[in-house]
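Peer 1: Dumping the structure here so I can ask a few things about it.
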Amino acid sequence: MNLAFEIIGTILSLAFLYFLIREKKICWLFGILGSLLSIYLFYSTKLYSECILRLYYVFIGFYGYYLWQQRDHHDKGAPKIIKWKPSIHVIIVLVGLVLVFLLGYVFDNYSDAKKSYFDAFTTVFSFLASYLEAKKILRTWVYWIILNGLSIFLYAGQGLFVYAALAVIYFGVSFYGYFSWKQKYNKLNTVVNLVHLP
3 MNLAFEIIGT ILSLAFLYFL IREKKICWLF GILGSLLSIY LFYSTKLYSE CILRLYYVFI
63 GFYGYYLWQQ RDHHDKGAPK IIKWKPSIHV IIVLVGLVLV FLLGYVFDNY SDAKKSYFDA
123 FTTVFSFLAS YLEAKKILRT WVYWIILNGL SIFLYAGQGL FVYAALAVIY FGVSFYGYFS
183 WKQKYNKLNT VVNLVHLP
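Written out as structure tokens, the structure is:
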């Protein structure tokens with residue numbers, strides 16, 4: 003039964019990624035469904051931080067869908083890709099590391115969780131990256147490149163080999179997502195700059 007859920011969850015997750023890169027708001031619906039299936043899988047393998055993360059993905063899925071729907075309605079097009087200053091990302095990373103320590107400590111000392119700090123790292127930064135994704139922050143893909151690379155080992159170590167294979171695919175496709183969004187960002191900003199030339 004776990005294998006069937008893992009395969010269905012993987013298919014839904016791939017559909018999410020496919021439509022996310024293409025900036026289609028339906029991506030969030032696939033993400034919500036895939037996350038609901040994943041909650042059971044990660045609970046059964048004692049990756050409790052991942053359960054919390056998948057529950058968060060359900061909520062961020064609704065938030066992302068709402069946000070993209072609103073922007074579609076007001077802007078008559080896809081939400082704009084945004085680029086934040088590096089200093090903002092430094093703050094995000096520092097706050098994230100503090101949260102990793104706290105979550106890892108709690109699960110390491112007060113539960114039977116496996117790989118508490120490793121799991122906490124991927125969970126906390128996935129929380130942050132998902133929020134950036136909903137906001138269409140360009141460098142969200144850099145977070146995902148790192149997180150998906152680490153997730154390969156986390157999932158394989160817990161015997162979730164289909165999800166480990168999914169993480170391999172996500173790792174590779176995250177590079178494509180970054181360059182695709184970067185190209186769209188550069189194209190949009192070139193047009194904006196040309197419009198504002200004297």
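Residue numbers (this note's numbering): 3 to 200. Glycine is no exception: its CB is placed at the ideal position from the N, C-alpha and C atoms. This structure is a prediction, so every number in the text was calculated from the model and none was measured.
With a Cβ-Cβ cutoff of 8 angstroms, do L156 and T124 count as a contact?
Peer 2: Position 154 of the sequence shown, counted from the first residue, corresponds to residue 156. Position 122 of the sequence shown, counted from the first residue, corresponds to residue 124. Yes.
Peer 1: Three or more beta-carbon pairs under 8 angstroms between the region 31-42 and the region 53-73, yes or no?
Peer 2: Yes, the region 31-42 is in contact with the region 53-73.
Peer 1: Under 8 angstroms, with one C-beta from each stretch per pair, do the region 42-58 and the region 112-122 reach the 3-pair mark?
Peer 2: At 8 angstroms Cβ cutoff, the stretches touch.
Peer 1: Within the continuous alpha helix (DSSP H) that includes W143, where are the two ends?
Peer 2: Indexing the sequence shown from 1 puts residue 143 at position 141. 142-159 is the extent of the alpha helix (DSSP H) around W143.
Peer 1: Looking only at its own chain, which residues have a Cβ that is under 8 angstroms from the Cβ of L190, when we skip the five neighbours before and after it?
Peer 2: Taking the first residue of the sequence shown as 1, we reach residue 190 at position 188. Closer than 8 angstroms at the Cβ level, and outside the excluded window around L190, lie K82, I83.
Peer 1: Whole angstroms is fine: what's the gap from Y202's alpha carbon to Y58's?
Peer 2: With the chain covering only 3 through 200, there is no way to say anything about residue 202.
Peer 1: Compute the distance between the beta-carbons of A17 and F32, then report whether it is under 8 angstroms.
Peer 2: Residue numbering aside, residue 17 sits at position 15 when the sequence shown is read from its first letter. Residue numbering aside, residue 32 sits at position 30 when the sequence shown is read from its first letter. Against a cut-off of 8 angstroms, the Cβ pair of F32 and A17 comes out as a contact.
Peer 1: What's the C-alpha gap between I13 and F129?
Peer 2: Stepping through the sequence shown from its first residue, residue 13 is reached at position 11. Stepping through the sequence shown from its first residue, residue 129 is reached at position 127. So the two alpha carbons sit approximately 21 angstroms from each other.
Peer 1: Nearest-angstrom Cα distance between C29 and Y145?
Peer 2: The sequence position of residue 29 within the sequence shown is 27, counting from 1. The sequence position of residue 145 within the sequence shown is 143, counting from 1. Those two C-alpha atoms are separated by around 19 angstroms.
Peer 1: Is the beta carbon of L69 less than 8 angstroms from the beta carbon of A136?
Peer 2: Along the sequence shown, one-based indexing puts residue 69 at 67. Along the sequence shown, one-based indexing puts residue 136 at 134. Yes, these two residues count as a Cβ contact at 8 angstroms.
Peer 1: Within a Cβ cutoff of 8 angstroms, which residues of the same chain sit near D110, ignoring the five residues on either side of it in sequence?
Peer 2: Numbered from its first residue, the sequence shown carries residue 110 at position 108. Here the set comprises S118, Y119.
Peer 1: Please report the distance separating the alpha-carbon of I139 from that of W86.
Peer 2: Residue mapping note: residue 139 aligns to position 137 of the sequence shown, counting from 1. Residue mapping note: residue 86 aligns to position 84 of the sequence shown, counting from 1. Going by the C-alpha atoms only, they are around 7 angstroms apart.
Peer 1: What is the residue span of the alpha helix (DSSP H) that I94 lies within?
Peer 2: As a first step, residue 94 must be located in the sequence shown, where it is residue number 92. Looking at the DSSP string, the run of the alpha helix (DSSP H) that includes I94 is 88-112.
Peer 1: For G151, which option in Y133, L134, F127 has the closest C-alpha, if you only look at C-alpha atoms?
Peer 2: In the sequence shown, the residue the question calls residue 151 occupies position 149. Taking only the C-alpha atoms, the option nearest G151 is F127.
Peer 1: So what's I9 in DSSP terms, helix, strand or just coil?
Peer 2: Position 7 of the sequence shown, counted from the start, is the residue given in the question as residue 9. Residue state, collapsed to three classes: helix.
Peer 1: Looking at F177 and I154, is the spacing between their C-beta atoms short of 8 angstroms?
Peer 2: Translated into positions along the sequence shown, residue 154 becomes position 152. Translated into positions along the sequence shown, residue 177 becomes position 175. No.
Peer 1: Report back the beta-carbon spacing between Q72 and K27 to the nearest angstrom; my notes put them in contact at under 8 angstroms.
Peer 2: In the sequence shown, residue 72 corresponds to position 70, counting from 1. In the sequence shown, residue 27 corresponds to position 25, counting from 1. Their Cβ separation, rounded to whole angstroms, is 10 angstroms, which puts Q72 and K27 out of contact at 8 angstroms.
Peer 1: In the DSSP output, what is I84 paired with across the bridge?
Peer 2: Here residue 84 corresponds to residue number 82 of the sequence shown, with the count starting at 1. According to DSSP, which records beta bridges pairwise, I84 is partnered with I139.
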